[in-house]
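In mature numbering (1 follows the signal peptide of the UniProt record, and there is no 0), the protein residues as written are -20 to -1, 1 to 445.
Heads up, the beta-carbon is just placed ideally off N, CA and C, and yes, glycines get one too.
All remarks here apply to the structure that follows.
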């Protein structure tokens, strides 16, 4: 019995010891679970924060006062989808590395979006520079061909510029929209400027040349309908190529016309009805002279064709004739957020620089820019009178007559407008005098009523006579 009681006491002690240890361990277990829940909550908040950041990036600003293209947010989501699809073509390590750097950039831009465009531009340009160096020097990217590396950088630029477009393009913190409004108004007032006044050889009346000039115009207008800087630049390149094509057509037509003129029988160079500069002539000296002249003309035309001095004046005229919307804002957006390596070299950089020069020229255009007198420039700006010659240049009789008639017509129109203004003023004065006169008469009648002192009857009246 004593042994059983002793064993029971020992068992009870063991049970109590186990319960005590369980109670002591319970807070530690609860603390561990609490820590896990806290970690999970932190991760959830971090994930939610990142999702909020992405949503803010793709949120379209609602500002009715801004006159710019409205784009559905689905286009931004589509850009993100295309970017992810492109990254999935690379190894997982490259995909993760690029995604991490791009996400970090977008998070860095989030606090300053729309508040400091210059700072955002510096951050984006530093990102392009650092990512380019990383892709060039990091062993992770060593097996990629050069074209693939360039394609990767272009894809990153496309995605970033699409994401930031809605708050970075023509930001209210900049003066871009005001500059565009003034520029468009000035271009409308310069509709009278001809290619000749810009020293451009182009002939807008030529159907062949006009075809390429129209393509250049369409491409320039399309720049404002696109989001990514790469797409905007591609349209600028297309515009400038079309300008060069128009110049090539012009010089080709000039060559044909010159050869036909030299081979015309009226010039006593060839008696052939068709232009065949290789057929023998009766006079060897005449044939030699003809060939020499043609060779000289062809040489001059080739030199003009290879010369790019005519490109900028023609591009300026294309900008004048098309008056593209928000062209200054588009150029500023490209300047701030496109990869500078693209703008500082290659065909796109050359064309972008020329277009920027064309816009700068138009913003600062004066009568001296067109080699016109201030009087002629003012008359043209006011009336849109087209000049066929600059001031001081010799005129033919027909051109002089046309110029004189245009000036006289403009002066007569001014005189007629002045006369109409004076007539309207006189009519207004007469109307005011009429109202004043009636008011004064009424006031006199009221203040001094008419009194009849003696009424003459009909009989007295008859006796009086």
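With a threshold of 8 Å on Cβ separation, who are the neighbours of residue i within its own chain once the five nearest residues in sequence on each side are excluded?
{"i": "residue 329", "result": "322, 323"}
{"i": "residue 199", "result": "215, 216, 218, 219, 222"}
{"i": "residue 334", "result": "220, 291, 292, 295"}
{"i": "residue 175", "result": "181, 182, 183, 184, 293, 294, 297"}
{"i": "residue 201", "result": "302, 304, 305"}
{"i": "residue 230", "result": "181, 182, 183, 186, 189"}
{"i": "residue 115", "result": "121, 124, 129, 132, 133"}
{"i": "residue 193", "result": "182, 184, 222, 223, 226, 298, 301"}
{"i": "residue 95", "result": "153"}
{"i": "residue 55", "result": "142, 207"}
{"i": "residue 417", "result": "none"}
Looking only at its chain, what residues have a beta carbon closer than 7 Å to the beta carbon of residue i, apart from the 5 residues adjacent to it on each side?
{"i": "residue 343", "result": "163"}
{"i": "residue 204", "result": "49, 304, 305, 306, 310"}
{"i": "residue 224", "result": "291"}
{"i": "residue 74", "result": "120, 121"}
To the nearest angstrom, how far is it from the Cα of residue i to the Cα of residue j?
{"i": "residue 206", "j": "residue 411", "result": "58 Å"}
{"i": "residue 305", "j": "residue 191", "result": "21 Å"}
{"i": "residue 407", "j": "residue 400", "result": "10 Å"}
{"i": "residue 109", "j": "residue 197", "result": "34 Å"}
{"i": "residue 404", "j": "residue 351", "result": "39 Å"}
{"i": "residue 390", "j": "residue 402", "result": "19 Å"}
{"i": "residue 171", "j": "residue 147", "result": "33 Å"}
{"i": "residue 68", "j": "residue 76", "result": "10 Å"}
{"i": "residue 319", "j": "residue 135", "result": "11 Å"}
{"i": "residue 338", "j": "residue 72", "result": "46 Å"}
{"i": "residue 93", "j": "residue 316", "result": "14 Å"}
{"i": "residue 354", "j": "residue 361", "result": "10 Å"}
{"i": "residue 419", "j": "residue 430", "result": "17 Å"}
{"i": "residue 152", "j": "residue 160", "result": "13 Å"}
{"i": "residue 341", "j": "residue 145", "result": "27 Å"}
{"i": "residue 118", "j": "residue 99", "result": "28 Å"}
{"i": "residue 326", "j": "residue 388", "result": "51 Å"}
{"i": "residue 42", "j": "residue 70", "result": "With a pLDDT of only 41 at residue 42, under 50, the local geometry of the prediction cannot be trusted, and no value is derived from it."}
{"i": "residue 107", "j": "residue 331", "result": "25 Å"}
{"i": "residue 169", "j": "residue 349", "result": "15 Å"}
{"i": "residue 512", "j": "residue 409", "result": "With the chain represented from -20 up to 445, any question about residue 512 goes unanswered, as that position is not in the structure."}
{"i": "residue 102", "j": "residue 127", "result": "26 Å"}
{"i": "residue 7", "j": "residue 80", "result": "Bear in mind that a pLDDT of 42 at residue 7, under 50, signals an unreliable position, so the number given afterwards is only what the model happens to contain. If I take the Cα positions, the gap works out to 39 Å."}
{"i": "residue 87", "j": "residue 105", "result": "15 Å"}
{"i": "residue 195", "j": "residue 396", "result": "42 Å"}
{"i": "residue 414", "j": "residue 394", "result": "30 Å"}
{"i": "residue 422", "j": "residue 392", "result": "45 Å"}
{"i": "residue 173", "j": "residue 359", "result": "12 Å"}
{"i": "residue 60", "j": "residue 111", "result": "19 Å"}
{"i": "residue 233", "j": "residue 385", "result": "33 Å"}
{"i": "residue 66", "j": "residue 158", "result": "38 Å"}
{"i": "residue 113", "j": "residue 167", "result": "43 Å"}
Between residue i and residue j, how many whole angstroms is the CB-CB distance? I'm expecting something under 8 Å.
{"i": "residue 140", "j": "residue 213", "result": "With a Cβ gap of about 14 Å, residue 140 and residue 213 do not count as contacting."}
{"i": "residue 156", "j": "residue 308", "result": "6 Å"}
{"i": "residue 63", "j": "residue 313", "result": "Between residue 313 and residue 63 the Cβ distance is about 19 Å, and since that is not below 8 Å, they are no contact."}
{"i": "residue 449", "j": "residue 154", "result": "This structure cannot settle anything about residue 449, because the visible part of the chain is limited to -20 through 445."}
{"i": "residue 165", "j": "residue 209", "result": "In fact, because the Cβ distance is near 27 Å, the residues do not count as touching under 8 Å."}
Apart from the five residues on each side of it in sequence, which residues of its chain come closer than 6 Å, Cβ to Cβ, to residue i?
{"i": "residue 357", "result": "347"}
{"i": "residue 428", "result": "none"}
{"i": "residue 256", "result": "Note that residue 256 has pLDDT 43, beneath the 50 cutoff, so the model's placement of it is unreliable and no number is given."}
{"i": "residue 336", "result": "311"}
{"i": "residue 345", "result": "none"}
Quick check: does the Cβ of residue i come within less than 7 Å of any heavy atom belonging to the ligand GDP?
{"i": "residue 214", "result": "Among the ligands in the structure shown, none appear at all, so the ligand GDP cannot be discussed."}
With a floor of 4 residues, list each alpha helix (DSSP H) that falls wholly inside the segment 47 to 123, ordered by position along the chain. 53 to 67, 72 to 89, 97 to 117
Per the contact definition of three or more C-beta pairs closer than 8 Å, is the segment 170 to 185 in contact with the segment 290 to 307? yes
Ranges of the alpha helix (DSSP H) found wholly within the segment 155 to 236, counting only runs of at least 4: 156 to 169, 187 to 202
Which ranges would you report for the alpha helix (DSSP H) in the segment 295 to 333 if only whole runs of at least 4 residues count? 307 to 317, 320 to 323
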